[in-house]
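Following: one structure in structure tokens, then a few remarks.
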Amino acid sequence: MPGSVHLIPRSRLGWIPTHLRLAHEYSFFLHDEGARILVEYEGARAHNVTLNFRDDAQARKFNDIAEREDIVTAMRTCGFENEARRVVLNQTTMAMVSDSFHHIYEALRCLEKRKSIVALNLLRKPLTDSLLYLSWMLADEDDFYRNFLTNSPQGFKASIVKGRRIEILTGALARTEVEAVLEASFLDAALFSPTCDWGFQKLFQHAVHLITVERVEFRTTPESFNFIFKSHGDDDLYKLIYDILPHILLYFSHVILGLFEKIADPDQGGKSAFVARSIIGLYLVEGGDNEVDALRQLGPLTQVRCCGCTARLVMTAHNAARLVLTESFRCTKCRRTQPFPFSWIFD
923 MPGSVHLIPR
933 SRLGWIPTHL
943 RLAHEYSFFL
953 HDEGARILVE
963 YEGARAHNVT
973 LNFRDDAQAR
983 KFNDIAERED
993 IVTAMRTCGF
1003 ENEARRVVLN
1013 QTTMAMVSDS
1023 FHHIYEALRC
1033 LEKRKSIVAL
1043 NLLRKPLTDS
1053 LLYLSWMLAD
1063 EDDFYRNFLT
1073 NSPQGFKASI
1083 VKGRRIEILT
1093 GALARTEVEA
1103 VLEASFLDAA
1113 LFSPTCDWGF
1123 QKLFQHAVHL
1133 ITVERVEFRT
1143 TPESFNFIFK
1153 SHGDDDLYKL
1163 IYDILPHILL
1173 YFSHVILGLF
1183 EKIADPDQGG
1193 KSAFVARSII
1203 GLYLVEGGDN
1213 EVDALRQLGP
1223 LTQVRCCGCT
1233 ARLVMTAHNA
1243 ARLVLTESFR
1253 CTKCRRTQPF
1263 PFSWIFD
């Protein structure tokens, strides 16, 4: 795995272990791209629903009910059931995604400051609560809406959803562009399994609670408190976090992309570029054979020449990560860094 590709200012990366900086920058790339799409949809009011009233009387009735009760009730009463459903789903998606990104952003910033326990607290809600409901919406919109309408909040209790996790994750993954990259069983183990030594669940439980005794998997060490005596200078938590966080955020970002497509069609060139950049980026973070595969996929770009010395682009792992995450590359001959419109290839 290459080191930093300068997506994030060097001054912010001092506390991130050198060999994990690309994983951190990749995680921020996924956050930033998702947040950018959210802002674009909000700016275009893509989540808004237009109603066509058949006459003035229906419009007056709608306004009267909306003023006395609420807009969704008015829509249903006036016969706009499909539109009411779309409003509920759109607003739920936008609000939950926005809330999740706030938590993820602050968590990543905390990791830059060695506040790893605070970061785990911030990641717990979006990754174990919000992501599961967003996945449910993508996997089976009809079932989610039916439960929301007739069985809320009881039908959304953790104890109920727990038994459907694999079903939900499998269904959602099948509706994304990363079905061949990730597996539902991996996502379930990484986020929810109490017996998974490399997963998040034990970390989340210890970050939230000073003492855990009910489950042997989470039991606090005798004469101690969870994480209280943990040195902020230790790198082991960072290794655990960044071994799986990039994969989870890849899934998260593609679930969001799938839900936004239900709201309004995205620019297809932009979508294709994000799919390629996010998948190739993960391969570079993983290293090994996947890094070799990523370099092979980017091989045709070695025809590009440096604007300064005209030397051809050498596809090192560093340049590959630069191209994918920052849309730039560094000439291996004259060392000049220059922009390259990687996303334009897909327009």
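Position one of the sequence shown corresponds to residue 923 (the numbering used here), numbered consecutively onward. Virtual Cβ for every residue (Gly too), placed ideally from N, Cα, C.
I1170 is positioned such that its CB atom lies closer than 8 Å to that of L1049.
Distance from M997 to V1009 at the Cβ level is roughly 7 Å; contact confirmed, criterion being Cβ atoms closer than 8 Å. Taking a C-beta distance under 8 Å as the contact criterion, I1150 and L1162 do not qualify as a contact pair. Between the stretch 1225–1233 and the stretch 1197–1216, the count of C-beta pairs closer than 8 Å stays below three; the two stretches do not touch.
For F1182, the closest of Q1127, G956, T940, L935 by C-alpha to C-alpha distance is G956. If you look at T1259, you'll find it in the beta strand (DSSP E) that goes 1259–1261. The beta-carbon distance between G1121 and A1111, rounded to whole angstroms, is 6 Å. This is short enough to meet the 8 Å contact definition.
Per DSSP, the unbroken alpha helix (DSSP H) holding R958 starts and ends at 943–965.
Per DSSP, the continuous alpha helix (DSSP H) segment holding F1196 begins and ends at 1190–1208. For H1025, the closest alpha carbon among the candidates W1058, E1099, S1081, V1040 is that of V1040. Going by C-alpha positions, E947 is about 12 Å away from P939. Counting C-beta pairs closer than 8 Å gives fewer than three between the stretch 1133–1144 and the stretch 1102–1111, which falls short of the contact rule. DSSP places F1122 in the coil class of the three-state scheme, outside both helix and strand. For F1151, there is no enclosing beta strand (DSSP E), since its DSSP letter is neither H nor E. Here the alpha carbons of Q980 and R967 stand approximately 24 Å from one another. Positions of the alpha helix (DSSP H) runs, each at least 4 residues long and wholly inside the stretch 1058–1129, are given as 1063–1072, 1080–1084, 1087–1095, 1106–1114 in order along the chain.
Contact holds between the stretch 925–936 and the stretch 1240–1256, because three or more Cβ pairs, one in each stretch, are under 8 Å apart. In the DSSP assignment, R1252 falls within the beta strand (DSSP E) that extends over 1250–1252. Assignment of R934 by DSSP, reduced to helix, strand and coil, places it in the helix class. Among the bridge pairs identified by DSSP, R1227 is matched with R1234. With a beta-carbon spacing of about 37 Å, E1005 and L1030 fall beyond the 8 Å limit used to define contacts. Ranking R1258, R1036, R1244 by CA distance to the CA of S1153 puts R1036 first. One alpha carbon belongs to A1216, the other to L1223, and they sit about 12 Å apart. Residue range 978–990 is occupied by the alpha helix (DSSP H) that includes F984. CA-CA distance, T1015 to E1063, rounds to 11 Å. Here P1168 is near S949, since their CB atoms are less than 8 Å apart. Annotated as distal: E1034 and L944, with beta-carbon spacing of 8 Å or more.
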